[in-house]
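To start, the structure under review is shown below, and the notes come after it.
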Amino acid sequence: MPDHESAPIVTLVDAAKHFGPVRALDGVSMSVAPGDCIGLVGHNGAGKSTLVNLINGGLTSSSGSVAFSAGASALAAGVRSVFQELSLCPNLTVAENLKISHSALKGAGWRRPARAEIRATLDRIFPDHGISANAQVDTLSIAERQMVEIAIGFAPRGTQARLVILDEPTSSLDEGIAGQLLTHIQRFCASGGAVIFISHMLGEVFKVANRIIVLKDGRIVDERASGAFTRQGLVDAMGHVAPEAAQETGPKGAYGPEVLRTPQGLTARQGEIVGLSGLAGHGQAEALAHLYLSRSSAWKSGKSPEVVFVAGDRPRDGILPLWSILRNISISVLHQTAKRGFVNRQAETAIAAEWKSRIGIRTDDVANPILSLSGGNQQKVLFARALASHAPLVIMDDPMRGVDVGTKQDVYAMVRAEAAKGRTFLWYSTETEEVCQCDRVFVFRNHEISAELTGADITEEKILGASFEMQEAS
């Protein structure tokens, strides 16, 4: 390979980024060469997003240097980014979204080559994807939107991608589709491309990365070949962020009477954690949405709500973007603490401070805007909002998107502790490992329940078998 083709695509030397007194990135040195697949891990707020934005040109460093081998800019060097918070334009079609980042598509007939290019890229990464290039993005599921965003990142777009940065790319994908992406990443790097792979799903990091970089508090605290890490060693290197929550445990299996039953056959008992699984887009999210809407008012919130909801699609269903962190947490408990119809500001502040500590929300001040937080920390706010309420039924729609491994373990413990107190949880997840935390699991296929699993039957093999069973029978 010629020297110019083997030279690092990007090199950072003591790169730092400060936002006032906040050192988001504090002296990072690293390089990415053709063929590299670097796993970038760290807790929410560790500096991963800031590092990515220095590499892709979204930010300029406060000190140190960021240099590219094939030009003066990230764009000229073939650097692409696929963000955790999806950035597609919902009122445009899939092909029209490709056009936004494809300057070579010009003239009256640009739509035909745009459709052909995005279709070919989707076919290459996600065989049998079923996504039309003419589909308007807001008609797609969150998994389909993530697939489109990934395809745009890898698409030729007039010049070949040399470095693709993937930020939590599988957070909305089921295991089968995620596996297709991981296979494509391996092919891409084997052919001379490079990938920075950011994920809290450590199994995926070990599968594709040849090198792992651990960030903590804006600094690289460990960097080795992936084979030199164990899973526990990687978790230890990342450190822990919310120690108090890990102490919250409770017994498993002490259930009360049945508290819900749907026409589909979905049931739950008091104190039970019920999982919904199966391939993405097969009716799980719709079942949860219908249940939530059937048990909550469309116009008035009662003092004691019957149900609360933790959204996985934060921008669409979760955060209130114009409000502060405090207001986003407290919106579910204002009625609980109100005095004569007035908001109890002291109680509101106390609840927000308690949950900031319990779940490890990385902020200096809960009065800061919610959008000042990383995606994972925004998700922690949604958990805090739900668990701070007194609602006996908690519905969670793939809620761990972008949440770090330490916080996941803490949330599992908090959910188990709340269930032991009599709260019921309905939990849809695209991660089989999470579903296996549940007491009972309903597997969905083609918008119907194909299996009900309990106890020792809740395994990855049986969940996958039930996910495909009805398709094979047909």
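Numbering (the UniProt record's numbering), first residue to last: 1 to 474. C-beta: ideal position from N, C-alpha, C; glycine also. Being a predicted model, the structure only gives us computed values, none of them experimental.
May I have the straight-line CA-CA distance separating residue 417 from residue 137, to the nearest angstrom?
-> Looking at the backbone, the Cα of residue 417 and that of residue 137 are separated by about 39 Å.
Roughly how many angstroms separate the alpha carbons of residue 9 and residue 274, rounded to a whole number?
-> Distance between the alpha carbons of residue 9 and residue 274: 47 Å.
Compute the beta-carbon to beta-carbon distance between residue 35 and residue 163, rounded to the nearest angstrom, for a pair I have assumed lies under 8 Å.
-> Wrong, their Cβ atoms sit about 11 Å apart, outside the cutoff.
Taking residue 238 and residue 43 to be in contact with their CB atoms under 8 Å, please state how far apart those CB atoms are, rounded to whole angstroms.
-> Contact holds; Cβ gap of about 6 Å.
Among 457, 464 and 45, which residue has its Cα nearest to the Cα of residue 375?
-> Among 457, 464 and 45, the Cα nearest to that of residue 375 is on 45.
What residue from 21, 66, 52 and 84 has the CA that sits closest to residue 313's CA?
-> The option with the nearest alpha carbon to residue 313 is 84.
For residue 428, which of helix, strand or coil comes out of DSSP?
-> DSSP places residue 428 within a strand segment (E or B) once states are collapsed to three.
Any idea if residue 407 is buried or exposed, counting beta-carbon neighbours within 10 angstroms, 16 or more meaning buried?
-> Buried, since its Cβ has 16 or more Cβ neighbours within 10 Å.
Where in the region 288-356 do unbroken runs of the alpha helix (DSSP H), each at least 4 residues long, occur, reported from the N-terminal end onward?
-> Runs of the alpha helix (DSSP H) inside the region 288-356: 325-330 and 334-337.
Could you give the DSSP three-state label for residue 414: helix, strand or coil?
-> Correct three-state label for residue 414: helix.
CB-CB under 7 Å to residue 247, same chain, minus the five flanking residues each way: which ones, in chain order?
-> Because residue 247 sits at a pLDDT of 42, beneath the cut-off of 50, its placement in the model cannot be relied upon, and the point is left open.
Whole-angstrom distance between residue 69 and residue 38, CA atom to CA atom = A direct Cα-Cα distance of roughly 18 Å separates residue 38 from residue 69.
Residue 438 versus residue 342 - alpha carbon distance = Rounded to the nearest angstrom, the two C-alpha atoms are 39 Å apart.
Quick one: residues in its chain with C-beta nearer than 8 Å to the C-beta of residue 226, no 5 flanking neighbours on either side, listed in chain order?
-> Cβ within range, chain order: 39, 205, 206, 209, 210, 211 and 212.
Quick one: complete beta strand (DSSP E) runs, 3+ long, within the region 168-248?
-> Counting only runs of 3 or more, we get 194-198, 211-216 and 219-225.
Closest by CA to residue 14, which one among 32, 41, 49 and 61?
-> Looking from the CA of residue 14, the closest CA among 32, 41, 49 and 61 belongs to 61.
For residue 28, which three-state DSSP category applies?
-> If DSSP states are grouped into helix, strand and coil, residue 28 belongs with the strands.
Look at the Cβ atom of residue 333, then the Cβ atom of residue 199, and state whether they are nearer than 9 Å.
-> 9 Å or more divides the Cβ of residue 333 from the Cβ of residue 199.
DSSP on residue 51, reduced to helix/strand/coil?
-> It is helical.
Whole-angstrom distance between residue 440 and residue 271, CA atom to CA atom = When the Cα atoms are used, residue 271 and residue 440 turn out to be separated by approximately 12 Å.
Using DSSP with H/G/I as helix, E/B as strand and the rest coil, what is residue 39?
-> Three-state DSSP puts residue 39 in a strand.
Can you tell me whether DSSP reads residue 460 as helix, strand or coil?
-> Three-state result, residue 460: helix.
Classify residue 472 as helix, strand or coil using the three-state DSSP reduction.
-> Unreliable positioning characterises residue 472 in this predicted model, as indicated by a pLDDT of 41, which lies under 50. The coordinate reading is nonetheless provided below. In the structure shown, residue 472 sits in a helix (DSSP, three-state: H, G or I).
Find the nearest neighbour of residue 398 within the set 141, 94 and 96, judged by alpha-carbon distance.
-> Checking every option, the nearest Cα to that of residue 398 belongs to 141.
Please name the residue or residues paired with residue 96 in a DSSP beta bridge.
-> Answer by DSSP bridge pairing: none, since residue 96 is not bridged.
Which value, in whole angstroms, describes the spacing of the CA atoms of residue 222 and residue 411?
-> Rounded to the nearest angstrom, the two C-alpha atoms are 26 Å apart.
State the start and end residues of the unbroken alpha helix (DSSP H) segment that holds residue 151.
-> In the DSSP annotation of this structure, the continuous segment of the alpha helix (DSSP H) that includes residue 151 starts and ends at 142-154.
Express the C-alpha separation of residue 81 and residue 216 in angstroms, rounding to a whole number.
-> Pairing residue 216 with residue 81, the inter-Cα distance amounts to about 22 Å.
Using DSSP with H/G/I as helix, E/B as strand and the rest coil, what is residue 454?
-> Of the three classes helix, strand and coil, the one that applies to residue 454 here is strand, per DSSP.
Within the 9 Å Cβ cut-off, does residue 368 reach chain B?
-> Protein chain content of the structure displayed is limited to a single chain, and chain B is not contained in it.
For residue 17, the first and last residue of its enclosing beta strand (DSSP E) = Boundaries of the beta strand (DSSP E) harbouring residue 17: 10-19, taken from the DSSP string.
Please look up how many angstroms separate the CB atoms of residue 185 and residue 143, rounded, as I've assumed it's under 8 Å.
-> A Cβ-Cβ distance of about 18 Å is found for the pair residue 185 and residue 143, leaving them out of contact under the 8 Å criterion.
Assign residue 133 to buried or exposed, taking buried as 16 or more other Cβ atoms, counted over all protein chains shown, within 10 Å of its Cβ.
-> Burial call: buried.
Is the region 255-272 in contact with the region 348-365, if contact means three or more CB pairs nearer than 8 Å?
-> No, because fewer than three Cβ pairs between the region 255-272 and the region 348-365 fall closer than 8 Å, the two stretches do not touch.
Cross-strand partners of residue 361 (DSSP beta bridge) | Per DSSP, residue 361 has no beta bridge partner at all.
Count the other CB atoms within 10 Å of the CB of residue 450; is the residue buried (16 or more) or exposed (fewer)?
-> The residue is buried, with at least 16 neighbouring Cβ atoms inside 10 Å.
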